[in-house]
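Okay, so here's the structure we're looking at.
Numbering (our numbering), first residue to last: 196 to 272.
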């Protein structure tokens, strides 16, 4: 038997089936995820499409509650 610290999102199926159990950590651990790009080199069309896809999926997952425990930081892009 072992222990690990992981986000809930990739474990949802195992938690729902009872294969794993989760215990909240207090105080809560936080992290900020960001997309970075060069100020000096323009994004290609493909990179721009990936940025738009990631932003859209992040917005959808956070606002729908599907990404448990995640929150968007207002005003940052």
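Ideal placement from N, C-alpha and C gives every residue a C-beta, glycine not left out.
Item, Value
"Residue 197 beta carbon near the ligand GDP (any heavy atom closer than 7 angstroms)", "The ligand GDP is absent from the structure shown, which contains no ligands of any kind."
"8 angstroms Cβ cutoff met for residue 206 and residue 215", "yes"
"Cβ neighbours of residue 200 in the same chain (closer than 8 angstroms, five flanking residues each side left out)", "220, 224"
"Expected contact under 8 angstroms - CB spacing of residue 246 and residue 238 to nearest Å", "7 angstroms"
"As assigned by DSSP and simplified to three states, the class of residue 239", "coil"
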